[in-house]
Each structure stands twice: as structure tokens, then as C-alpha cells.
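Structure, as C-alpha cells:
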Amino acid sequence: MKTRISLLTILSVMLICLSGCSNKKEFEEFSFTYSMESVDNYKMVVTFDSNQNYKLEEYNYFFDNMANKKDPKISEGKLTDKEFGEIQKLLSKSKLFEMEDSYGFDKEYNRDLGDIMYQVSFSTKDKDKFISIRTTENQQFSSGFISLIGYINTFINSHKKEVAN
13 MKTRISLLTI
23 LSVMLICLSG
33 CSNKKEFEEF
43 SFTYSMESVD
53 NYKMVVTFDS
63 NQNYKLEEYN
73 YFFDNMANKK
83 DPKISEGKLT
93 DKEFGEIQKL
103 LSKSKLFEME
113 DSYGFDKEYN
123 RDLGDIMYQV
133 SFSTKDKDKF
143 ISIRTTENQQ
153 FSSGFISLIG
163 YINTFINSHK
173 KEVAN
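Following my numbering, the numbering of the sequence shown begins with 13 at its first residue and continues without gaps.
Shown next as C-alpha cells:
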């Protein structure tokens, strides 16, 4: 029994290593964009690319409309090696190319959740993926995708100060 468990463990580790190696090659050149929008009120967009660039865009439509002006806050910069490595790892684990193209549009709209739309665009040398998500109750996503979105939100919060300046 111990031999079987050891053999399964070794095979699992080898499979993970092999799949990890192929994903790194696939993500040598990429562009990734994530946007979160409260329709007609607010929009936040973050873009990462394989040259370690990032761009943050913040649009406050509600206040802009009240002030009768457009005042987007946009900043650009370079990712640190640590940030870039984490983004590459999370993109690989999220398996975006295996996800559906849309979520939440086949269900009744729930006003209590707000009209929030999320969009993901991911392009590599060989593939493109575009995902649209409308907030609905009980949506289920992979832990890899949840980790990616969590990291992006943390990144936005820590770099958003740069947008305001």
C-alpha cells in the first residue's frame, strides 16, 4: 500500500512539473487585462504584459457626470520581478483557456447584488481568451481563478495611490 501511495505521489509530482513547464513557455509573450465595472458608475482596469508593464485606469463616471467632465486616473509602471513572477504563476494556475466565455448572463438579474460586470482578456502568442462575468448568486470558480482575482485586487489597492497622484 505504501508503495502505491509513493508511486502515485511521484507520478503526480512529475505530471505537475511537466504541465508547469509547458505553461511557462506558452506565457513567454502575453497580455492580460481585468476590468471591474459598476455599470454607469465606476470602472477599474488593470493590464499586465510579458514586458513587466502594468497600467491602472480608474473611471468614476458618477462623479464625472455630476461635474460635467471626464477625469480618468491612469498610471503606468513596471512590475517588480516578484510581482511579475506571481502574476505568471497565477495566470498559469487559473487555467483561463479552460473557462467558459461568459458567466451569469443565463440567470435572472439580481438587483441586490448590483450591476457589476467583470471582464478578462488574455492573449498569448497562440491563443486569445475573453471572459465576461455578471455577478449572480452562487457563482463557482476554480481556486486558481479566485487566487488570481484576489492578487489583482491586492495589487490594485497597493498601486492605486499612484493613480491618484
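Quick reminder that beta carbons are idealized off the backbone N, C-alpha and C, glycines included.
Everything numeric in this text was worked out from a predicted model, so none of it was measured.
Cβ neighbour criterion (16 or more within 10 Å) applied to residue i
| i | result |
| --- | --- |
| residue 106 | buried |
| residue 58 | buried |
| residue 33 | Note that residue 33 has pLDDT 45, beneath the 50 cutoff, so the model's placement of it is unreliable and the number below is only indicative. Exposed is the call here. |
| residue 151 | exposed |
| residue 99 | buried |
Residue i versus residue j - alpha carbon distance
| i | j | result |
| --- | --- | --- |
| residue 65 | residue 93 | 11 Å |
| residue 132 | residue 79 | 30 Å |
| residue 157 | residue 89 | 24 Å |
| residue 72 | residue 49 | 10 Å |
| residue 41 | residue 148 | 33 Å |
| residue 163 | residue 170 | 11 Å |
| residue 43 | residue 108 | 13 Å |
Residues near residue i in its chain [Cβ-Cβ closer than 7 Å; skip 5 each side]
| i | result |
| --- | --- |
| residue 160 | 102, 103, 106 |
Three-state secondary structure assigned by DSSP to residue i
| i | result |
| --- | --- |
| residue 55 | strand |
| residue 76 | helix |
| residue 117 | coil |
| residue 94 | helix |
| residue 165 | helix |
| residue 88 | strand |
Same chain, Cβ closer than 6 Å to residue i, neighbours up to 5 away in sequence not counted
| i | result |
| --- | --- |
| residue 114 | 144 |
| residue 142 | 133 |
| residue 165 | none |
| residue 76 | 82, 83 |
For residue i, the residue or residues it bridges with in DSSP
| i | result |
| --- | --- |
| residue 49 | 55, 129 |
Beta-carbon contacts of residue i that lie in its chain and below 8 Å, excluding the five residues immediately before and after
| i | result |
| --- | --- |
| residue 51 | 127, 128, 129 |
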